[in-house]
Amino acid sequence: MAAEAKTKYDRDFLTSVYKEMAFGRRFEERVNQAYQKGKFAGFCHLHIGQEAVCVGVQRALRPTDYMISGYRSHTQAISKGMDPKSVLSELFGKVDGCVRGKGGSMHMFSKEYRFLGGHGIVGGQTPIAAGVGFAIKYDKKDDIIVCYLGDGACNQGQFFEALNMAATWNLPVLYIIENNQYGMGTDFRRVTSVDRLSKRALAFDIDNSEVDGMDFLKVYEHVGPIVAKMRKKPKPYLLEVHTYRYRGHSVSDPAAYRTKDEVAQFQARDPIATLGEYLKKSKVATEEDLKTWDKEIKDRLTEIEAFADASPKPALSELWDNVFAD
Amino acid sequence: MALIQFREAIAQAMAEEMARDDRVFLLGEEVAQYNGAYKASKGLLDQFGASRVWDSPISEAGFAGLGVGAAMVGLRPIIEMMTWNFGIQGFDQIVNHAAKMCYMSGGQFNVPIVFRGPNGAAHMLGSQHSQSFDAMLTNVPGMKVISPSTPYDTKGLLKSAIRDNNPVIFLESEMMYGLKGEVPEGEYLIPIGVGDIKRAGEHVTIIAWNKMLHVAMAAAEQLASIGVSAEVLDPRTLQPLDEELIFSSVRKTHRLVIVDEGWDFAATSAQISDRVQRECFDDLDAPVVRVNSLFVPMPYAEDLEHAVLPTAERVVEAVKEVLYVG
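Chains as they are written, first to last, in my numbering: chain Z, -5 to 320; chain Y, 42 to 367.
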C-alpha cells in the first residue's frame, strides 16, 4: 500500500473509479475478441477511449437518476449498475442477457438501474429523454435524466425538437454529446454548420458548456455542479464532451478515414493512463497496484465470459414473449 | 341514451379516463387552449388544468417521442395528431420506438400510450391531407390499431385504449367528428379486438370500418331495395383483427365485399381477403371483391376526388359482382 494519499479525493473513491474505467476498457477488449472468435454477430460498437466520460458522469449521479443512450452503450450500462454478466450474455444472445437475447449490442436495458436503452436509431433517444424529464417534473421529483448522444446525432431533426421542448418546459434532461469527431466515417465538421456542438444549445437558450472527456477528474468535477443545479431548479443542459474512440465505428470498421497520428495523439492522453498517473503521483496507488488490479480484472472477465458462454440460448417459445405487455 | 357527436364521445372518454387515473395526460397541437383543432378535447383544459392538458409545438416526431419516454416511466400519455398525415412525421417514434420497446427491453419497459387523430380523406384537402394509413400501421407488430365508426364504439374503445398497457393507434375521421349517435349514460368499455355486426343479413357480407362503414350501410340500404340482404360487419379494431367474427359471417353468407379507404395495393382489405380465402375457401361462392381508393395521390378537384374514394354505388356494383347479377 502506498504512503498517505496527497489528493482531495477519497482513496477508495479514486481506486474504484480507476478500476471501473480499467474494467470498461478490458470488457470492451474482451467483447472484441469474442466477436473476432465468432461468439456472436450483428453490429458491435465499442467504447474504448471514452471511459472517462461514462464513469465521470455516472459518479456525479445518484441511483434514482435515469440514463438513456444510443448504440455505443455497453460500458454506460455497466457503470449505471448493470451486471456485466448480463451485458456480455446479452451480446452472446443468451437467456441471462439483460433482455434475454431480444436486444443484442445496441439494446441494453435495465428497469432496476433506470437504464432506458440502448437505442439504434441515431438521435431517436433524444425526445424520449425529454419525455422522461417530463415525467420527473409531472411527479415533482428532483431526479434528472442523462441522455447520451454522439456528434452524428446532433444533426437529426428530432434532437432539435427535443431541445425545444426540454427548454420550453424546463425539463431536467442533461444532454451529453460524446463528440468523438466521427459519425461513422464522416468527420462531423464536414457535415455540420458549427465547429463546436455546444453551440447547438444557443438556438434554444439552453445552458451549455464543453469539457475534456479524456480526463476523469475534469469530467467529474464539471458534471457535478451541473447536476446539482439541475436538481435545485429543473431545466435542460447541453454538455459537449471532447473524446475519441480508438477503434472504428463498429468492430468491422478499419477506420481508414483518419490518420495513425491522430489516433496516437489521443492515445497519448489516454484517460486510464492519465488517471493511473494521478493515482501514482498522489500516492493512492503504485505501479504494482495498477498491475495487480489489471490482473484481477482480467480474471474476473474470464469468469464473466465463462458465465455468458454457459448461459443457455433462449427457447424458441420465447420468440413470442413481450410483443405486448399484459 | 344521449345523442352526442363523435367528437364529444372522444372528449368524454378522455375526461372519464383522466378523472379515473391521474397518470393520464393529453398532449398535442392545439389540444388545450384552442380546445382541439376539431374540438375533440373541448373542455379538458378547464376541467383538468395545464398540468394534464398540454399544447405542443408543431413537432410530431418530438412530442411522439416525448410521449414514449413519459410512458416508459409510468405515465399514460394520449398524443393527439392533428391529422395522421402529420402523424407520419412521428413514424420513427411510433414504429421504431413505441412498438419495439416492450420487446427489445425483454418486457421491462412497456409503453402505455395512445396516438389518436383523424385518418383518411376529408373533403377537397388535396394529396397531403387525404391519406389512409391503416395498412402501414397494422403492418407493425407491437401496437394495436383501432378505427371506429360510431360515437358509441369510439367512447368505449378509446377508454379501453387508454387503459391498455401498450401503444394503441386510434384512427378517427374529420368527416365523422360531427356525426351523432346514441351513447349511454355511465361508464362502459368495449374490448379491443372485437368486431360488431352493424346490420344482419344473409346474402353477402360487407366488411367496412371508420367512415367506410357508413358507405357500406348506405349500400346495404340500396341493396335491400332490390331484394339483397347484406350483412355489414365492422371490425372496429384492425390490429388485432376479429377474424372469428369475419369467418363466421362469411360462412353464413358465402360472399364477401370489403370496403377500404386505403389504396388497394397491400391494403388492410388485402390482408382480410387473404385470411378469408385461406380459412373459408370451401365456403365462398365467389371470389372476394375489394373496394378501395384508386391508386393515385388524392386530387383536389371535387369530381376527381369523388372518383378516387369508395362510394355506395361502387359497393353495390361489387356486391352484384359477387352475387353474379347484372
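By construction, the Cβ of each residue, glycine as well, lies at the ideal position given by its N, Cα and C atoms.
Predicted model only: the values in this text are computed from it and were never measured.
- Within 8 angstroms of the CB of F128 of chain Z, the CB atoms of chain Y belong to L107, G110, A111 and L116, in sequence order along the chain.
- Rounded to whole angstroms, the gap between the alpha carbons of E71 of chain Y and G77 of chain Y is 5 angstroms.
- Annotated three-state conformation of L165 of chain Z is coil, per DSSP.
- About 7 angstroms separates the beta carbons of N173 of chain Z and T237 of chain Z, which is inside the 8 angstroms limit, making them a contact pair.
- Interface annotation for the stretch 110 to 127 of chain Z against chain Y: L110, G111, I115, G118, P121, I122, A123, A124, G125 and V126, criterion Cβ-Cβ distance under 7 angstroms.
- In its chain, beyond the 5 residues on either side, F198, D199, I200, K229 and P230 have a beta carbon closer than 8 angstroms to the beta carbon of A161 of chain Z.
- Just so you know, the alpha carbons of Y132 of chain Z and N151 of chain Y end up roughly 19 angstroms apart.
- Collapsing the DSSP output to three states places K307 of chain Z in coil.
- D283 of chain Z and G43 of chain Z have their alpha carbons spaced roughly 22 angstroms apart.
- Secondary structure of T280 of chain Z (DSSP, three-state): coil.
- DSSP places S334 of chain Y in the uninterrupted beta strand (DSSP E) bounded by V330 to S334.
- Each residue's CA atom was taken as its position, placing Y107 of chain Z and I62 of chain Z some 11 angstroms apart.
- Taking the C-beta atoms as reference points, A249 of chain Y is found no nearer than 7 angstroms to A353 of chain Y.
- In terms of Cβ geometry, Y144 of chain Y and K88 of chain Z do not form a close pair [threshold 7 angstroms].
- Contact between the stretch 51 to 62 of chain Z and the stretch 102 to 121 of chain Z is established, with three or more Cβ pairs separated by less than 8 angstroms.
- With its beta carbon at least 7 angstroms from every one in chain Y, H68 of chain Z lies outside the interface.
- In this chain, V116 of chain Z is not harboured by any alpha helix (DSSP H), its DSSP state being neither H nor E.
- P208 of chain Y carries a strand assignment under DSSP once its states are collapsed to helix, strand and coil.
- Closest in alpha carbon position to F336 of chain Y, among Y:G90, Y:D323, Y:L350 and Y:L279, is Y:L350.
- Where Y60 of chain Z is concerned, the enclosing beta strand (DSSP E) starts and stops at Y60 to S63.
- Within its own chain, the residues whose Cβ lies closer than 6 angstroms to the Cβ of N202 of chain Z, once the five positions on either side in sequence are excluded, are S192, A195 and L232, listed in chain order.
- When the five nearest sequence neighbours on each side are left out, the beta carbons in the same chain lying within less than 6 angstroms of the beta carbon of D90 of chain Z are those of S83 and S305, in order along the chain.
- When DSSP states are grouped into helix, strand and coil, A111 of chain Y belongs to the helix group.
- In this structure the stretch 96 to 109 of chain Y touches the stretch 120 to 131 of chain Y; the number of beta carbon pairs closer than 8 angstroms is three or more.
- Of all residues in the stretch 146 to 159 of chain Y, the ones placed with a Cβ closer than 9 angstroms to any Cβ belonging to chain Z are S146, G147, G148, Q149, F150, N151, V152 and P153, in chain order.
- Scanning its chain for C-beta atoms nearer than 7 angstroms, with the 5 sequence neighbours on each side dropped, one finds around A124 of chain Z the residues A156, M159, A160, L165 and V167, in chain order.
- Sequence-distant Cβ neighbours of Q88 of chain Y in its own chain, meaning closer than 7 angstroms and more than five residues away, are A56.
- Contact with chain Z is found for P98 of chain Y, since one of that chain's Cβ atoms lies less than 7 angstroms from the residue's Cβ.
- For G69 of chain Y, the closest alpha carbon among the candidates Y:Q46, Y:F47, Y:G108 and Y:D62 is that of Y:G108.
- Note on H138 of chain Y: 16 or more other CB atoms within 10 angstroms of its CB, so buried under the neighbour-count rule.
- Here the alpha carbon of A73 of chain Y sits roughly 19 angstroms from the alpha carbon of L116 of chain Y.
- With a threshold of 7 angstroms between beta carbons, G242 of chain Y makes no contact with chain Z.
- Between the stretch 31 to 39 of chain Z and the stretch 235 to 250 of chain Z, the count of C-beta pairs closer than 8 angstroms reaches three or more; the two stretches touch.
- In the structure shown, the three-state DSSP call for H68 of chain Z is helix.
- DSSP places E320 of chain Y inside the alpha helix (DSSP H), whose first and last residues are T309 to E320.
- Within the stretch 67 to 104 of chain Z, the complete alpha helix (DSSP H) segments of 4 residues or longer fall at 68 to 73 and 78 to 85, listed in chain order.
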